[in-house]
Amino acid sequence: MKIQILGTGCPKCKQLEANARAAVAELGIEAAVEKVIEIDRIMDMGVMVTPALALDGTVKSAGKILTKDQIITMLKGGN
Amino acid sequence: MPCACSNGNTTLVYACSGAANTGYLADQVARALAKEGTGKMTCLAALGANVSGYIESARGADRNVVIDGCAVGCGKRIFEALTIPFERHVMTEYNVEKGKTAITGDIIMDVTSKVKESICNGK
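Order-wise, the sequence lines are chains C and G.
Residue 14 in the numbering used here is what sits at position 14 of the first sequence, and the numbering runs on without skipping anything.
Residue 106 in the numbering used here is what sits at position 106 of the second sequence, and the numbering runs on without skipping anything.
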């Protein structure tokens with residue numbers, strides 16, 4: 001599983017990344033967390049508001065700092 | 001000059017960009033609003049095509065402003081289908097007749113000004 005955190009490096013993006021890493025650690029799953037900071041790549045994924053989170057290339061959230069628990073729910077297949 | 005109402009908020013602007021003169025006007029008004037800083041223009045077609053990044057951006061935006069060309073309301077229909085809140089302006093409600101009115105620079109400026117005023121007043 002690949003988790004992408006899209007954002008140019010603001011504190012909100014860093015918080016979302018930390019929450020995603022904490023969610024992965026708590027679940028004990030194999031997942032790569034990648035930061036996408038290049039504006040061209042962010043735009044290519046159609047993201048207009050950051051921070052955003054994508055799972056395996058599908059954007060699941062934009063403009064929000066998802067909590068660790070929200071990300072855990074998402075990783076388990078919920079919304 | 002950026003619109004004061006957009007300060008601190010994310011306003012996304014979508015134009016129907018349809019084939020008629022009204023679609024052309026919708027497109028030009030949306031581009032003018034973006035140029036003036038009232039909002040960021042983004043792609044309505046991508047929402048209709050279910051592109052995840054665009055859909056989640058619309059869900060995460062503070063305001064979504066749809067500029068529809070005519071009463072067919074393609075923009076309105078797309079947002080309603082996605083159940084995402086939006087506000088809407090229709091070009092035929094600005095004294096523009098579909099298929100008849102020639103879209104000039106003056107018309108684009110006039111309609112942009114009226115739509116911008118409405119957006120900034122939260123109407």
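The beta-carbon is built from N, C-alpha and C at its ideal position, and this holds for glycine as well.
Candidates the options, of which the one nearest residue i by Cα
i: C:K35; options: C:V59, C:I72, C:G9; result: C:G9
i: G:L44; options: G:K35, G:D62, G:G23; result: G:G23
i: C:K2; options: C:E30, C:E26, C:A25; result: C:E30
i: C:A18; options: C:L27, C:M45, C:I65; result: C:I65
i: C:V49; options: G:A81, G:A32, G:T11, G:E97; result: G:T11
i: G:R59; options: G:I67, G:G73, G:L47; result: G:L47
i: G:N64; options: G:M41, G:E97, G:N50; result: G:M41
i: G:A30; options: G:T112, G:C74, G:T83, G:G105; result: G:T112
i: G:I55; options: G:K35, G:I78, G:K114, G:K116; result: G:I78
i: G:T83; options: G:N50, G:I103, G:A102; result: G:N50
i: C:T58; options: C:K68, C:D69, C:G77; result: C:G77
i: G:V114; options: G:A81, G:V13, G:Y94; result: Strictly speaking, residue 114 of chain G in this sequence is Lys, with Val absent from that position. With distances taken between Cα atoms, G:K114 lies closest to G:Y94.
i: G:C74; options: G:R88, G:K35, G:T104; result: G:R88
i: G:E97; options: G:G122, G:A71, G:K76, G:G105; result: G:A71
i: G:S57; options: C:M43, C:E26, C:L27, C:I37; result: C:M43
CB contact check: residue i to chain G, cutoff 9 Å
i: C:K82; result: Because chain C in this structure spans residues 1 to 79, residue 82 of chain C falls outside the shown range and cannot be described.
i: C:G63; result: yes
i: C:I3; result: no
8 Å contact criterion, which residue i and residue j should meet: CB distance rounded
i: G:G99; j: G:A20; result: 6 Å
i: C:I5; j: C:V33; result: 7 Å
i: G:I119; j: G:T38; result: 6 Å
i: C:A23; j: C:L75; result: 6 Å
i: G:A32; j: G:I67; result: No, G:A32 and G:I67 are not in contact; Cβ-Cβ is about 10 Å, not under 8 Å.
i: G:M109; j: G:L25; result: The Cβ separation is near 11 Å, so there is no contact.
Beta carbon proximity, residue i to chain C, threshold 9 Å
i: G:E56; result: yes
i: G:G37; result: no
i: G:C43; result: yes
i: G:S17; result: no
i: G:V90; result: no
i: G:L12; result: yes
i: G:G53; result: yes
i: G:A46; result: yes
i: G:T98; result: Checking the sequence shown, residue 98 of chain G turns out to be Lys, not Thr. Answer no: the Cβ-Cβ gap between G:K98 and chain C never drops below 9 Å.
i: G:K40; result: yes
Residue i in three-state terms, based on DSSP
i: G:N9; result: coil
i: C:L66; result: coil
i: C:T8; result: coil
i: G:A61; result: coil
i: G:S17; result: coil
i: G:I119; result: helix
i: C:V47; result: coil
i: C:A54; result: strand
i: C:I37; result: coil
i: G:A71; result: coil
i: G:I107; result: helix
Give, in chain order, every residue of the stretch 26-51 of chain C whose Cβ lies closer than 7 Å to some Cβ of chain G. M45, G46, V47, M48, V49
Interfacial residues, the stretch 10-26 of chain C to chain G, with Cβ spacing under 8 Å: none
Residues in the stretch 59-81 of chain G with C-beta within 9 Å of chain C's C-beta atoms, listed in sequence order? Within the stretch 59-81 of chain G, the qualifying residues are R59, G60, A61, D62.
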